[in-house]
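In this note's numbering, the protein residues as written are 431 to 906.
Below you can see the structure in the form of structure tokens.
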């Protein structure tokens, strides 16, 4: 009877139980070898925590703009103008993150965990050094930076403190990026997820408290939003460092590794230069676009800022999938299996496309309703709704671009995406948006159509270039 039960039980075990078990493993973290387990399972175990991580990050961004939106269009514009400078910081943070993810993934794939830990420590040192210039400029020249971007009088008189906090405390932001990239590259995506859930969960609690005040806590307005962000993310960084040196499931740093290691530093700098370059090109393009919108008016800047937050929120599952592609490419190349790396990218690209088509449908039919959640200003709603509708026409192409770019980055080939971005963002997007918006007098619609043309083109071209397969031979 016992033997019959043993034979019978596996046959009737419901598939849902297996899915639930896999979901729990993904959230808790697993010691699975992503170069050997079933590819669909590897994608699931990596993508789920990465998606949840980024959903929380984007949830905070949406909640933040929701509360700031209650302060008026100028307050929202302050956030948007400050972010144009933060995007420069994000360029460095994301460039370093791309490099460290590729290097850590490659070392883990090669089973060289001590070298992976050493690379993690050196990336932290680089992150701190990179943050210093932004902190100095942000603290002492916040008003001048905002004036350069065409800020209105309210922003120059009241909003500059937000800029001081965000740029002055930028070291916390860049560390959050870089250390979570270490965990993702190692395959400890669940740790990165929990860090952001705690950090941004605290942000969401502090945001309304510090912006509007409650009991003995004074209302700080837009400055309170920046303080909430800094405090919440500081807790996240403290948690990251504790886990990294205590040891995750796939990586552990040692106190003895805290010293200047020129060889590892140079490898990170060499690999990250392309990543930083590609992000600088993309982010500075955004700065130029915001400058064009600032000439059109605060409503244009505010509408674009809110629409961008909505876009980032809805893109997070796609970014999570593309981050999983980077880890799988790096680890499988390290394990000497480029075919498995390529197969992972095509599977993830298909999943991403299906998701982005669904998002496009929502953008097309419910753009005004989405904008109305965050602002009651009719002019701002019209601007943001217009951008969301234009995006809906080819959003799925953008999903393929995200996955293919991360595949290049995961292989360590960060130079190719940089060259692509240079052509499509600087030589096509900026001139086209300026021409349509100001020369042809299309206003903000010209900016949005220019973005549509350039980003559709870059998506198709990058995917074609990925299919050529040269990324398989890159060494890091």
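Beta carbons: idealized from backbone N, C-alpha and C, even for Gly. All figures in this text were calculated on a predicted structure; none of them were measured in a lab.
Note down the Cα distance separating residue i from residue j, rounded to an integer number of angstroms.
i: residue 863; j: residue 877; result: 4 angstroms
i: residue 630; j: residue 887; result: 34 angstroms
i: residue 522; j: residue 788; result: 32 angstroms
i: residue 538; j: residue 611; result: 13 angstroms
i: residue 512; j: residue 810; result: 18 angstroms
i: residue 702; j: residue 647; result: 43 angstroms
i: residue 781; j: residue 824; result: 16 angstroms
i: residue 672; j: residue 600; result: 20 angstroms
i: residue 620; j: residue 865; result: 45 angstroms
i: residue 675; j: residue 802; result: 45 angstroms
i: residue 681; j: residue 517; result: 29 angstroms
i: residue 471; j: residue 750; result: 15 angstroms
i: residue 819; j: residue 695; result: 44 angstroms
i: residue 786; j: residue 753; result: 16 angstroms
i: residue 714; j: residue 583; result: 24 angstroms
i: residue 838; j: residue 844; result: 6 angstroms
i: residue 468; j: residue 618; result: 18 angstroms
i: residue 783; j: residue 826; result: 5 angstroms
i: residue 775; j: residue 679; result: 24 angstroms
i: residue 546; j: residue 453; result: 27 angstroms
i: residue 872; j: residue 723; result: 11 angstroms
i: residue 777; j: residue 613; result: 23 angstroms
i: residue 834; j: residue 533; result: 18 angstroms
i: residue 769; j: residue 793; result: 36 angstroms
i: residue 822; j: residue 772; result: 28 angstroms
i: residue 560; j: residue 450; result: 42 angstroms
i: residue 867; j: residue 745; result: 26 angstroms
i: residue 740; j: residue 850; result: 26 angstroms
i: residue 885; j: residue 854; result: 7 angstroms
i: residue 767; j: residue 857; result: 37 angstroms
Looking only at its chain, what residues have a beta carbon closer than 6 angstroms to the beta carbon of residue i, apart from the 5 residues adjacent to it on each side?
i: residue 900; result: none
i: residue 852; result: 711
i: residue 499; result: 506, 804 and 805
i: residue 627; result: 486
i: residue 737; result: 814, 817 and 818
i: residue 670; result: 609 and 625
i: residue 640; result: 650, 654, 657 and 658
i: residue 836; result: 752, 755 and 756
i: residue 726; result: 873 and 874
i: residue 718; result: 860
Closer than 7 angstroms by C-beta to residue i: which residues in its own chain qualify, once you throw out the five before and the five after it? Chain order, please.
i: residue 608; result: 523, 526, 527, 530, 553, 554 and 557
i: residue 765; result: 465 and 539
i: residue 462; result: 475
i: residue 721; result: 579 and 580
i: residue 593; result: 512, 568, 572, 575 and 576
i: residue 683; result: 547, 550, 551, 674 and 675
i: residue 660; result: 595, 599 and 602
i: residue 889; result: 827, 828, 830 and 831
i: residue 590; result: 572, 573 and 576
i: residue 908; result: Since the first residue of the chain shown is 431 and the last is 906, residue 908 is not available in this structure.
i: residue 668; result: none
Pick helix, strand or coil for residue i, following the three-state DSSP scheme.
i: residue 827; result: helix
i: residue 438; result: Low local confidence applies: a pLDDT of 38 at residue 438 is under 50, so the model's placement there is unreliable, and no value is given.
i: residue 644; result: strand
i: residue 690; result: coil
i: residue 530; result: helix
i: residue 729; result: helix
i: residue 872; result: coil
i: residue 513; result: helix
i: residue 896; result: helix
i: residue 880; result: helix
i: residue 764; result: helix
i: residue 464; result: coil
i: residue 887; result: helix
With a threshold of 8 angstroms on Cβ separation, who are the neighbours of residue i within its own chain once the five nearest residues in sequence on each side are excluded?
i: residue 586; result: 573, 576 and 577
i: residue 457; result: 478, 479, 482, 620 and 623
i: residue 434; result: Because the pLDDT at residue 434 is just 41, under 50, the model does not fix this residue reliably, and the point stays unresolved.
i: residue 567; result: 575 and 597
i: residue 893; result: 779, 830, 831 and 834
i: residue 905; result: 842
Just confirm the distance between the C-beta atoms of residue i and residue j, as a whole number of angstroms; I'd bet it's less than 8 angstroms.
i: residue 698; j: residue 501; result: Residue 698 to residue 501, Cβ: 40 angstroms. No contact.
i: residue 760; j: residue 615; result: 6 angstroms
i: residue 604; j: residue 519; result: 6 angstroms
i: residue 846; j: residue 895; result: 7 angstroms
i: residue 503; j: residue 728; result: 5 angstroms
i: residue 763; j: residue 541; result: Going by Cβ atoms, the distance from residue 763 to residue 541 rounds to 14 angstroms, so no, they are not a contact pair.
Whole beta strand (DSSP E) elements within the region 470–511, 3-residue minimum
none
**Item:** Any alpha helix (DSSP H) of 4 or more consecutive residues that is wholly inside the region 569–623
**Value:** 572–578, 590–598 and 600–616
* **Completely contained beta strand (DSSP E) runs for the region 648–684, where each covers 3 or more residues** => You should have found no qualifying run.
Note to self: For a minimum of 4 consecutive residues, which ranges assigned as the alpha helix (DSSP H) are wholly contained in the region 693–726?
What the structure shows: No alpha helix (DSSP H) of 4 residues or more sits fully in the region 693–726.
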